[in-house]
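To start, the structure itself, in structure tokens.
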Amino acid sequence: MNWDDLRLFLAVAREGSISGGARKLGVQHSTVSRRMQTLETKLGVRLIERKKSGYELTPAGESLKIAACRMEHEVLEVDGFLGGRDNRLIGELRVSAISSMASGILMPMFAKFSRNNPDVDLHVLVSNKNISLVERDADVAIRLTNTPSDALIGTQLATVSSTIYASHHYLDQLRSEGGKPKWLGVSCCAFHQSWTKKSAAGQRHNFFVDDALLTTAALKQHMGLAYLPCFIGDSEPELARYCAPDPQMNLGLWLLFHPDLKRTARVLAFRDHMIHEVKLQTALLTGKRPEQLHT
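With our numbering as the guide, the letters of the sequence shown map in order to residues 1 to 295.
Now the structure itself:
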């Protein structure tokens, strides 16, 4: 048994399936399945069982998970200790960010950091779910939140404003015909879900999206109203604000990393780079339009 086997087993145990473990590790389903069978053969016990509800760990699997978690903790501690002594701008840096930001406003910043630091292998990971920095799924996470974890080292890069958007065509139609506005059903994040639920006042939705970029595309098709961050909505000529941004909907844009990496040069260099670059985009992130900047 080696650490690679245990790492693979932990991915399957945490994701609850062979396919989930394969996605987490970025390998083929068949590879994970074959290696799990080999591990079970080596140990002489069954580790997982297929149930109607999905995969479940056997008692032996539960015991191995506990032991593997302890080993993982030790490996990450050593990795963090040694990594913290590395003052060179070289090596791998994994950065997680939500899709709407990573592919838009943040990408030029990521590209500039990569050009300026060619010896750093920058991996951009897109996820709208919380990536575990403790388990080292990523080195750095960029997240929209007002409650960052106390267990992580965090820097608030900016405040991000949001408001309600629709297409110009839909708003013109709404003004001319009257009636109640139609809302998109959204599930991209808890913030947009709760804001929509409150504003839509129990209205039934018949069109749903689970990503801010999908929301933008649906609004362009005149499907109704929805919340968007101003840095997205104000950048789309086909969209218009339904109302002014409400400060109650402001979110912090945070850069977070594990304390074990607090002395790692490439992490600190990336943090300083993002602080500088994001500051240049303050007006866009806070919803300050050009005409507002001159008043």
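No residue lacks a Cβ here, since even glycine has one placed at the ideal position from N, Cα and C.
- Distances from the alpha-carbon of Glu92 to those of Lys112, Arg266, Gly287 and Leu280 put Arg266 closest.
- When the beta-carbon positions are compared, Tyr170 and His222 come within less than 9 Å of each other.
- Sixteen is the threshold: when 16 or more other Cβ atoms of the shown chains lie within 10 Å of the Cβ of Thr215, as they do, the residue is buried.
- Taking 9 Å as the cut-off, the Cβ atoms of Thr38 and Glu49 do not count as close.
- DSSP places Gln37 outside any beta strand (DSSP E); the residue lies instead in the alpha helix (DSSP H), whose first and last residues are His29 to Leu43.
- Excluding residues up to 5 positions away in sequence, Tyr165, Ala166, Ser167, Ala226 and Leu239 lie with their Cβ nearer than 7 Å to the Cβ of Leu219 in the same chain.
- Under DSSP, no beta-bridge partner is assigned to Lys262.
- Bridge pairing for Lys51: Gly54 [DSSP].
- When the five nearest sequence neighbours on each side are left out, no beta carbon in the same chain lies closer than 6 Å to the beta carbon of Arg23.
- Fewer than three beta-carbon pairs drawn from the stretch 149-161 and the stretch 103-110 are found closer than 8 Å, and the two stretches are therefore not classed as touching.
- For secondary structure counted as the beta strand (DSSP E) over 3 or more consecutive residues, the stretch 100-151 holds these complete runs in sequence order: 120-126 and 140-145.
- Straight across, the Cα-Cα distance linking Leu213 with Ser100 is about 6 Å.
- Excluding residues up to 5 positions away in sequence, Thr163 lie with their Cβ nearer than 7 Å to the Cβ of Ala244 in the same chain.
- Between Ala200 and Trp183 a beta carbon distance of about 4 Å is seen, short of the 8 Å cut, so the two are scored as contacting.
- Counting of Cβ neighbours within 10 angstroms places Leu280 among the exposed residues, the total staying below 16.
- Here Thr282 has Ala158 as same chain residues with Cβ atoms under 7 Å from its own Cβ, once five neighbours each way along the sequence are excluded.
- His192 counts as buried, since at least 16 other C-beta atoms from the protein chains shown sit within 10 angstroms of its C-beta.
- For Ser199, the enclosing alpha helix (DSSP H) starts and ends at Ala190 to Ala200.
- Under the three-state reduction of DSSP, Tyr227 is assigned to strand.
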